[in-house]
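S.K.: I'd like to ask some things about the structure below.
Residue numbers (my numbering): 25 to 304.
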């Protein structure tokens, strides 16, 4: 993750949560506390460096977070994933933002790991989409990589993707690809979505860099992948779920993109529990 963007986002999140200040925190003074972050559900832990970054923004060197399990670790319920120590006011002010991010990111990493396992094909990579929560994209997409997936475009500036509306506006697959190639830089790939054999053939003839098979069955994906020349990447998207991922095993495509990884997030339940308080 870009550290500059991470800090900017964390400042925004803290500003939203703190408002004019933590009115509960004023009672704690300089009291010192210790405690743990505990995973209450099984999952893949992600976001382990964020609590310390958050504490540092709130009060540099007044609180510490020690990771007890590494990033990407698979844990069982009851696992202590980290230890906190320091000023109660700092820890309590940063607790909710830390937990919200850890829980969401761990949920995404867990779902991605499950998808990779269900597919069971080292030749096909699981990818995310742009269906991320506004403001959380860098965290969401990082979590996908921790879970074993890869990132599709981070934003609209990182590649050309011609979908149904683009094709309709341009007048078809060939015209859309030609227009995109005329303005795209030499390092930008041009990807096009196809839904029929006719569109597939047009995309191949026009020299697309990536061809997405949209809402196609595993049988069709296998058939179409065999028709695509070497040098053109292939992607399956739409209609793929955890329940039917295994059906695409051996399909011969390069990627399967899954919007639900970041669009239907089930956070991993994580709590912060103080174990002792030290008098100031």
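Yeah, the Cβ is synthetic: ideal placement off N, Cα and C, and Gly gets one too.
What are the start and end residues of the beta strand (DSSP E) that includes residue 58?
M.R.: 56-63 is the span of the beta strand (DSSP E), which, as asked, contains residue 58.
S.K.: Exposed or buried, residue 304, counting other C-beta atoms within 10 Å across all chains shown (16 or more means buried)?
M.R.: Because the pLDDT of residue 304 is 44, which lies under 50, any placement of that residue in the model is unreliable, and the number read from its coordinates should be weighed accordingly. Residue 304 is exposed by the Cβ-count criterion.
S.K.: Please list the terminal residues of the continuous alpha helix (DSSP H) segment that includes residue 41.
M.R.: It spans 27-42 - the alpha helix (DSSP H) in which residue 41 sits, taken as one unbroken run.
S.K.: Where does the unbroken alpha helix (DSSP H) through residue 89 begin, and where does it stop?
M.R.: Counting along the chain, residue 89 falls outside any alpha helix (DSSP H), though it belongs to the beta strand (DSSP E) covering 87-91.
S.K.: When burial is assigned at 16 or more other CB atoms within 10 Å of the CB, is residue 171 buried or exposed?
M.R.: When all chains shown are included, residue 171 counts as buried.
S.K.: Check whether the Cβ atoms of residue 259 and residue 295 sit closer than 8 Å, and answer yes or no.
M.R.: Cβ distance not < 8 Å, so residue 259 and residue 295 don't count as in contact.
S.K.: Could you give the uninterrupted runs of the beta strand (DSSP E) lying entirely in the stretch 187-248, keeping only those of 3 residues or more?
M.R.: Listed in chain order, the complete beta strand (DSSP E) runs (minimum 3 residues) inside the stretch 187-248 are 214-218, 234-238.
S.K.: Check whether the stretch 111-119 and the stretch 129-145 are in contact - that is, three or more C-beta pairs closer than 8 Å.
M.R.: Touching, no.
S.K.: Pick out whichever of 129, 72, 81, 131 has its Cα sitting closest to the Cα of residue 107.
M.R.: Nearest option by C-alpha distance: 72.
S.K.: For residue 122, name the three-state secondary structure that DSSP assigns.
M.R.: Three-state result, residue 122: helix.
S.K.: Where do the N-terminal and C-terminal ends of the beta strand (DSSP E) with residue 257 fall, by residue?
M.R.: 257-261 is the extent of the beta strand (DSSP E) around residue 257.
S.K.: Would a C-beta distance cut-off of 8 Å place residue 157 and residue 164 closer than the cut-off?
M.R.: For residue 157 and residue 164, yes; Cβs fall inside 8 Å.
S.K.: So within the stretch 95-164, which uninterrupted alpha helix (DSSP H) runs reach at least 4 residues, ignoring any that extend past its ends?
M.R.: Entirely contained in the stretch 95-164, the alpha helix (DSSP H) runs reaching 4 residues are, in chain order, 112-143.
S.K.: Consult DSSP for residue 299 and reduce its assignment to one of helix, strand or coil.
M.R.: Looking at residue 299 - three-state DSSP - the assignment turns out to be strand.
S.K.: Would you check if the distance between the CB atom of residue 140 and the CB atom of residue 132 is smaller than 8 Å?
M.R.: No; because the gap between Cβ atoms is not below 8 Å, this pair is not in contact.
S.K.: Where does residue 290 fall in DSSP's three states?
M.R.: If DSSP states are grouped into helix, strand and coil, residue 290 belongs with coil.
S.K.: Checking 8 Å against the spacing of the C-beta atoms, do residue 77 and residue 159 come in under that value?
M.R.: Result no, Cβ atoms of residue 77 and residue 159 do not sit closer than 8 Å.
S.K.: One question on the structure: do residue 29 and residue 293 come within less than 8 Å of each other, judged by their Cβ atoms?
M.R.: Cβ atoms of residue 29 and residue 293: not closer than 8 Å.
S.K.: Is the CB of residue 268 under 8 Å away from at least one CB in chain D?
M.R.: Here there is only one protein chain, and chain D is not present.
S.K.: Counting only the same chain and skipping the five closest in sequence on each side, list residues whose C-beta sits under 6 Å from that of residue 223.
M.R.: Only 197 meet the Cβ criterion.
S.K.: Between which two residues does the alpha helix (DSSP H) containing residue 79 stretch?
M.R.: Counting along the chain, the alpha helix (DSSP H) containing residue 79 begins and ends at 74-83.
S.K.: Give me whichever residues DSSP pairs with residue 281 in a beta bridge.
M.R.: For residue 281, which the question treats as bridged, DSSP gives the partners 151, 261.
S.K.: Do residue 246 and residue 275 have their beta-carbon atoms positioned less than 8 Å apart in this structure?
M.R.: Yes, the Cβ-Cβ distance between residue 275 and residue 246 is below 8 Å.
S.K.: Going by DSSP, which residues form a beta bridge with residue 68?
M.R.: BP columns for residue 68 point to 98.
S.K.: Taking just the CA atoms, how far does residue 206 sit from residue 126?
M.R.: Cα to Cα, residue 126 sits roughly 43 Å from residue 206.
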